[in-house]
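Numbering that gives the first Met the number 0 applies: residue 0 is where the sequence shown begins, and numbers increase by one. Here's the structure, in structure tokens; my notes come after.
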Amino acid sequence: MPGLSFTLPHWLYWIGLIVFPLVAMILSRRPQPQEKRYTLPLAYMIAVTGGILGLHRFYLKSMWGLIFIPLFLFVLYCNAQTQEARTVLSGFDNELRVAERTLAREETRVADARAGLAELQATVDAAEDGSFAKKAAERRLTRAEDTISKGEARLTEARAALEERTPLRDDAAETRAFWDNMAGYTFYLILALLLIDMILLPRLVRRANETLPPHEELTETELALKKAEAAQGQKPDAAYAENWIDRLSLFCGEFVAYWAVIAVFVYYYEVLARYVFGSPTNWAHEAMYLMFGMQYLIAGSYAMLTESHVRVDIFYAPLTRPKKAWVDLLTSVFFFIFAGTLLVTSWIFAMDAIAVPSGNSILSDWARGQISFGEMVGGFGFDQWTNSNIRWGEISFNEWEVPLWPMKWVMVMGGVLLVLQGISKVSKDIRAIARGN
Numbered sequence: 000m001p002g003l004s005f006t007l008p009h010w011l012y013w014i015g016l017i018v019f020p021l022v023a024m025i026l027s028r029r030p031q032p033q034e035k036r037y038t039l040p041l042a043y044m045i046a047v048t049g050g051i052l053g054l055h056r057f058y059l060k061s062m063w064g065l066i067f068i069p070l071f072l073f074v075l076y077c078n079a080q081t082q083e084a085r086t087v088l089s090g091f092d093n094e095l096r097v098a099e100r101t102l103a104r105e106e107t108r109v110a111d112a113r114a115g116l117a118e119l120q121a122t123v124d125a126a127e128d129g130s131f132a133k134k135a136a137e138r139r140l141t142r143a144e145d146t147i148s149k150g151e152a153r154l155t156e157a158r159a160a161l162e163e164r165t166p167l168r169d170d171a172a173e174t175r176a177f178w179d180n181m182a183g184y185t186f187y188l189i190l191a192l193l194l195i196d197m198i199l200l201p202r203l204v205r206r207a208n209e210t211l212p213p214h215e216e217l218t219e220t221e222l223a224l225k226k227a228e229a230a231q232g233q234k235p236d237a238a239y240a241e242n243w244i245d246r247l248s249l250f251c252g253e254f255v256a257y258w259a260v261i262a263v264f265v266y267y268y269e270v271l272a273r274y275v276f277g278s279p280t281n282w283a284h285e286a287m288y289l290m291f292g293m294q295y296l297i298a299g300s301y302a303m304l305t306e307s308h309v310r311v312d313i314f315y316a317p318l319t320r321p322k323k324a325w326v327d328l329l330t331s332v333f334f335f336i337f338a339g340t341l342l343v344t345s346w347i348f349a350m351d352a353i354a355v356p357s358g359n360s361i362l363s364d365w366a367r368g369q370i371s372f373g374e375m376v377g378g379f380g381f382d383q384w385t386n387s388n389i390r391w392g393e394i395s396f397n398e399w400e401v402p403l404w405p406m407k408w409v410m411v412m413g414g415v416l417l418v419l420q421g422i423s424k425v426s427k428d429i430r431a432i433a434r435g436n
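Here it is in structure tokens:
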């Protein structure tokens, strides 16, 4: 079975987090066609991302996609058998390595003991009976004989293990190679079928569109009914925007919402790489939990604007708008304590991430308020770049080693957005109290 060795470049990760949401936002604002049609670009995208499962066929309402599923399941079964055979093979290899090391060690020890046995025996015979020299010689002779007997026993056991385990190891290797080849051949068959479908997709899309029922315009009654159903639904996001801060929060919330789509593609790739190709990544999980952490921080102001945060409304909900404004105004003290702490702490984290101080860094000292801005600028010298105790640009400790300083600055952005949205909320509450509605 072919393997995958792709590692996501750091630059592509950060650029993807910026470019993908912008493209998605542009596409989402395009006018939607009134008539439902199958499109060739979407069919190709589904074929590229989920073609090995036949999803492009299901998109076009073709049951020929069922051919791909048993083949894919067979690949998963072969990979499971390969993994099991690999485990067995690893166990036999370890036992054989131990036996080979035992042979190499004990053969030398037994040979050396045999070579000195005659000399030790002669020393014993030549020594005076009952003397200390004779007793010492006898002890050395006994140890040499024990070394020979125990070594021969270990050699016999090691030779038996080699003789017994070698055929089993070879069988396990053949089993692993068989299932690995079966998985590879089946996967190549899936790729061949997918390549044929890639060529046939334009015709398949045309045929699928020809089978669609004729488009019928909605009557005025049906249009009115749809408008009434929409009016009873959730309040649109645009209705929350009353100033530039609200519009900024809406934009940021929509921007990071599309990151969830990135997670779908990344985890889909991770599952395929791990269970189909036997090549788990060292970057997918870390990339996504960092992304979701940034999403959580940036979306805080959006959730506050659209009142999406969890709260208990037993006493709050029945209040009139001015009374709600008074309650919000009084409790905003606790909000600004939290938001201010988040902003200050994330600012320090971000400065530490730029110059990681395992020793002393004037940049970190300035961020903590320990020195003034002038002292920080005046203290910047060549030693700040050559000091081995200062590492510029914090990176993760995992194997992927992605830079972490951009994430720390996203924390600052999240804190700023939250404080700004709090200011916007306070201004709205004050207006509501002044107007009495």
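Yeah, the Cβ is synthetic: ideal placement off N, Cα and C, and Gly gets one too.
Residues bridged to residue i [DSSP beta-bridge criterion]
| i | result |
| --- | --- |
| Pro321 | Looking at the DSSP assignment, Pro321 forms no beta bridge with any residue, so it has no partner. |
| Ile394 | Pro402 |
Classification of residue i by the beta-carbon crowding that lies within 10 angstroms, buried from 16 upward
| i | result |
| --- | --- |
| Gln437 | This structure gives no information on residue 437, because the portion of the chain shown stretches from 0 to 436. |
| Tyr58 | buried |
| Ala121 | exposed |
| Gly358 | Unreliable placement is indicated for Gly358, whose pLDDT of 45 sits below 50; the coordinate value is still reported in the next sentence. So Gly358 counts as exposed. |
| Phe186 | buried |
| Ile189 | buried |
| Met62 | exposed |
| Val332 | exposed |
| Leu296 | buried |
| Ile51 | buried |
| Phe5 | exposed |
| Ser363 | buried |
| Tyr12 | buried |
| Leu318 | exposed |
| Phe254 | buried |
| His55 | buried |
| Thr107 | exposed |
| Ile25 | exposed |
| Gly373 | exposed |
| Ala349 | buried |
Integer Cβ distance of residue i from residue j, believed to fall under 8 Å
| i | j | result |
| --- | --- | --- |
| Trp404 | Gly392 | 6 Å |
| Gly277 | Leu341 | Wrong, their Cβ atoms sit about 43 Å apart, outside the cutoff. |
| Leu95 | Arg168 | 6 Å |
| Asn78 | Ala182 | 5 Å |
| Ser300 | Leu416 | 4 Å |
| Leu193 | Ile66 | No, Leu193 and Ile66 are not in contact; Cβ-Cβ is about 11 Å, not under 8 Å. |
| Arg139 | Leu119 | 6 Å |
| Ile394 | Ala366 | The pair is not a contact, with the Cβ atoms about 19 Å apart (cut-off 8 Å). |
| Ala152 | Thr101 | Between Thr101 and Ala152 the Cβ distance is about 11 Å, and since that is not below 8 Å, they are no contact. |
Cα-Cα separation between residue i and residue j, rounded to whole angstroms
| i | j | result |
| --- | --- | --- |
| Gly90 | Ala259 | 42 Å |
| Leu247 | Asn180 | 55 Å |
| Pro213 | Arg205 | 15 Å |
| Ala159 | Thr165 | 10 Å |
| Pro20 | Leu75 | 33 Å |
| Glu306 | Leu3 | 44 Å |
| Ala302 | Cys251 | 11 Å |
| Val265 | His9 | 14 Å |
| Val411 | Gln80 | 49 Å |
| Ile198 | Tyr43 | 10 Å |
| Glu284 | Leu72 | Checking the sequence shown, residue 284 turns out to be His, not Glu. One C-alpha to the other measures close to 24 Å. |
| Ala240 | Pro201 | 44 Å |
| Val263 | Glu400 | 22 Å |
| Gly64 | Ile195 | 13 Å |
| Ala126 | Ala132 | 6 Å |
| Phe291 | Trp282 | 14 Å |
| Phe337 | Gly377 | 34 Å |
| Lys60 | Ile68 | 15 Å |
| Val418 | Phe335 | 7 Å |
| Thr86 | Pro279 | 17 Å |
| Ala23 | Ser423 | 28 Å |
| Val428 | Ile313 | A small fix is needed here, since residue 428 is Asp in this sequence, not Val. Each residue's Cα considered, the two are about 20 Å apart. |
| Arg36 | Gly49 | 20 Å |
| Tyr267 | Glu173 | 31 Å |
| Asp124 | Glu144 | 16 Å |
| Leu328 | Gly435 | 14 Å |
| Gln420 | Leu203 | 50 Å |
| Asp92 | Ala103 | 16 Å |
Proximity test, Cβ basis, 8 Å: residue i and chain B
| i | result |
| --- | --- |
| Asp169 | In the displayed structure, chain B is absent; only one protein chain is listed. |
Going residue by residue through the region 143 to 187, where are the continuous alpha helix (DSSP H) segments of at least 4 residues, counting only ones entirely within it? none
Fully enclosed by the region 259 to 301, which beta strand (DSSP E) runs are 3 residues long or longer? none
Tell me the start and end of each unbroken beta strand (DSSP E) in the region 71 to 129 that is at least 3 residues and wholly inside, in chain order. none
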